[in-house]
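J.: Position one of the sequence shown corresponds to residue 28 (my numbering), numbered consecutively onward.
C-beta: ideal position from N, C-alpha, C; glycine also.
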Amino acid sequence: MSGEDLLICQMQILSLLRCGQAAVKTVWK
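1. Would you report the Cα separation of residue 44 and residue 37, rounded to the nearest angstrom?
2. Taking only three categories from DSSP, how would you classify residue 42?
3. Nearest-angstrom Cα distance between residue 33 and residue 54?
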């Protein structure tokens, strides 16, 4: 696995976390 692959993986995880946080905020209004 190259450094670039790791970076892309981290970006995807971060966007997933943001998406999850937005969903939680919407549910818990």
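T.: Quick look at the numbers:
1. Position 17 of the sequence shown, counting from 1, holds the residue named residue 44. Position 10 of the sequence shown, counting from 1, holds the residue named residue 37. Distance between the alpha carbons of residue 44 and residue 37: 11 Å.
2. The residue labelled residue 42 in the question sits at position 15 within the sequence shown. Helix.
3. As a first step, residue 33 must be located in the sequence shown, where it is residue number 6. As a first step, residue 54 must be located in the sequence shown, where it is residue number 27. Distance between the alpha carbons of residue 33 and residue 54 is about 31 Å.
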